[in-house]
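Novice:
Numbering (our numbering), first residue to last: 492 to 1074.
#1: Report buried or exposed for residue 635, applying the criterion of at least 16 other Cβ atoms within 10 angstroms of its Cβ.
#2: Using only CA atoms, which one of 680, 672, 598 and 669 lies nearest to residue 583?
#3: By DSSP, does residue 976 sit in helix, in strand, or in coil?
#4: In whole angstroms, what is the alpha-carbon distance linking residue 990 and residue 1033?
#5: Using only the alpha-carbon positions, how far apart do residue 944 and residue 995 sit?
#6: Near residue 1046, what residues of its chain come up, given a Cβ to Cβ distance below 8 Å and the 5 sequence neighbours on each side ignored?
#7: Keeping to the same chain, check which residues put their C-beta closer than 7 Å to that of residue 841; ignore five residues upstream and five downstream.
#8: Does the beta-carbon of residue 610 have 16 or more other beta-carbons within 10 angstroms, so that it is buried, or is it exposed?
#9: Taking only the alpha-carbon atoms, compute the straight-line gap between residue 825 and residue 817 and give it to the nearest angstrom.
#10: How about residue 723 and residue 830: are their beta carbons less than 8 Å apart?
#11: Quick one: grab the DSSP three-state call for residue 922.
#12: Taking all protein chains shown into account, do 16 or more other C-beta atoms lie within 10 angstroms of the C-beta of residue 517, making it buried, or fewer, making it exposed?
#13: Can you give me the start and stop residues for the beta strand (DSSP E) that residue 959 sits inside?
#14: Please classify residue 564 as buried or exposed, where buried requires at least 16 neighbouring CB atoms within 10 angstroms.
#15: By DSSP, does residue 963 sit in helix, in strand, or in coil?
#16: Measure the alpha-carbon distance for residue 642 versus residue 580 and round it to whole angstroms.
#17: So which of 1026, 992, 1019 and 1020 has the shortest CA-CA distance to residue 1000?
#18: Just the C-alpha distance for residue 1076 and residue 783, rounded to the nearest angstrom, thanks.
#19: Roughly how many whole angstroms lie between the Cα atoms of residue 1071 and residue 656?
#20: Quick one, are the C-beta atoms of residue 914 and residue 711 less than 8 Å apart?
#21: Does residue 597 pass the burial test, meaning 16 or more other C-beta atoms within 10 Å, or should it be called exposed?
#22: Using a threshold of 8 Å, state whether the C-beta atoms of residue 986 and residue 1061 are closer than that.
#23: If we ignore side chains and look at the alpha-carbon of each, how far apart do residue 837 and residue 773 end up?
#24: Excluding the 5 residues preceding and the 5 following residue 658 in the sequence, name in chain order all residues of the same chain whose CB lies nearer than 7 Å to its CB.
#25: Is it the case that the Cβ atoms of residue 578 and residue 820 are separated by a distance below 8 Å?
#26: Note down the Cα distance separating residue 672 from residue 1069, rounded to an integer number of angstroms.
#27: If you follow the beta strand (DSSP E) that residue 468 is part of, which residue opens it and which one closes it?
#28: How big is the Cα-Cα spacing for residue 795 and residue 781?
#29: When the distance is taken between beta carbons, is residue 1048 closer than 8 Å to residue 1012?
#30: How many Å lie between residue 733 and residue 777 at the Cα?
#31: Alpha carbons only, please: which of 958, 683 and 660 is nearest the one belonging to residue 695?
#32: For the alpha helix (DSSP H) that contains residue 990, what are its first and last residues?
#33: Measure the C-alpha to C-alpha separation of residue 848 and residue 666 and round it to an integer number of angstroms.
#34: Relative to the C-alpha of residue 788, which residue among 728, 965, 904 and 686 is closest?
#35: Which residue wins for smallest C-alpha separation from residue 951, given the options 969, 963, 1039 and 906?
#36: Less than 6 Å between C-beta atoms, sequence neighbours within five positions excluded: which residues of the same chain meet that for residue 932?
Below is the structure:
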């Protein structure tokens, strides 16, 4: 009987691609409130009233074949437009192919294919059979937010197993409360192995952020949402602060992701995921802003959300409001994508500024003694980082004419300036003029696909300085929507440094303060066939010619730095570029 189908793809696909857990007719239904797709539409009957659709002529929707072709052609902009505009029914079979294809774009570990998951399952649990006993969840899971989205006990056991395997394969994940809910959503539309591969792609993505994986990232994210909301939903924020003067705004925004994941109806959530799996977490940012504005309007017109009813707990009221959200998924997303001035670059700038502020406060709160320590080894919590520095000191040509201990101290200082997550990776020498010659072409061939990179220059006058470059040098070839190459690229994580004779770090000026510093403050990196530039605005912090022989350094607005060597002009004795293994 058709009612025995366990999931939402058709019977043939399920029986051919799922494990026995999903097709055994004696096992519990995988969904307590399933959506059935049968051979005939007459047999389709959603059991949950909230998932039914009003009758009428459906608009022509794009097929997976069309989207797949665009993905293969790397036409991501066209795919984004289709995902935003096509409102497939919640019980559409397209997601069983669409979601894995979208997540596969971000997959960096190609060895995850061809049975990798089941090998990992066997390695972790000693068997591929699903245990009837409860599985202890990894420490990074928030037990209070293991949202099952109507999965049965079998479905939840599968979700438990997936996050355990992911935690085993990705030990760097230390805190990720949204990972379990997203796992549960994926299992509505695909097999266990496919769900794991999707998560691996989202977690390992280098170009976009999908899932936070540390407590620091989690805190930075909700504070970023709060900062964006203060600008884009000013009236609502002012209203909340007025009616709840004693309640901190931070407490409300700490739970921002649960407005969406725990509050919104499932049909809204599925449509959001269609776009999220392609565009990343910025989709959730947009949805959160719309929720704030809608809630604000309802507070002014609906007694249920009057000040007296919500003033003691706005956060909980927001989640309750989302459960009864008065707009359709189509209207919600239309409003979200109509918000202007919310570019990826803007979000990234706020995120990086927030992250670096938190790190600075963490150091300052430890007192001046700890602040001095942080200049040398505070960012080296493990013996592995000590080994990494030792390895780098052996390859570093600039150590010449410096005592080994002095070189080591310089590297410890430099290491303490790197983003904390980078210090855990092993440095590798990608390019050196001593070995690979003085050619910008060779530089690009050996370096351009690595992110981040560390450039170190030693001049003929023995000055030593350089830059931490947050983006790939390949981005010099990226074109905008008009087909024009971008002159500058990079992010606010980029910074300059001087090691000898002066020792100093020059971070991006945008880290401090919320004021708009203008275009000249965001000229991080630029490059073409004739030169490389780092920093701009009334001067170039570092400029090198195509032969990597001569360069110049000026003060610039992006980093507010002095010239990195007294003469301004310099002749390059050695240029070395380091990457980091495993990133």
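A virtual CB, placed ideally from N, CA and C, is assigned to each residue, including glycine. Keep in mind the model is a prediction, meaning the values are calculated, not measured.
Specialist: So, from the data block:
#1: exposed
#2: 680
#3: strand
#4: 15 Å
#5: 19 Å
#6: Hits under 8 Å: 1029, 1030, 1032, 1052, 1053 and 1054.
#7: 715, 718 and 719
#8: exposed
#9: 14 Å
#10: yes
#11: Strand, per DSSP.
#12: In this predicted model, residue 517 has a pLDDT of only 35, less than 50, meaning its place in the structure is not dependable; the value taken from the coordinates is given anyway. It is exposed - the Cβ of residue 517 has fewer than 16 other Cβ atoms within 10 Å.
#13: 955-960
#14: exposed
#15: coil
#16: 20 Å
#17: 1026
#18: As displayed, the chain neither begins before 492 nor continues past 1074, which places residue 1076 out of reach and without an answer.
#19: 25 Å
#20: no
#21: buried
#22: no
#23: CA-to-CA, the gap between residue 837 and residue 773 works out to about 11 Å.
#24: 629, 631 and 664
#25: Cβ distance < 8 Å, so residue 578 and residue 820 count as in contact.
#26: 38 Å
#27: No information on residue 468 is available, as it lies outside the stretch 492 to 1074 that the chain covers here.
#28: 19 Å
#29: yes
#30: 24 Å
#31: 660
#32: Element bounds for residue 990: not the alpha helix (DSSP H) but the beta strand (DSSP E), 986-991.
#33: 20 Å
#34: 728
#35: 1039
#36: none
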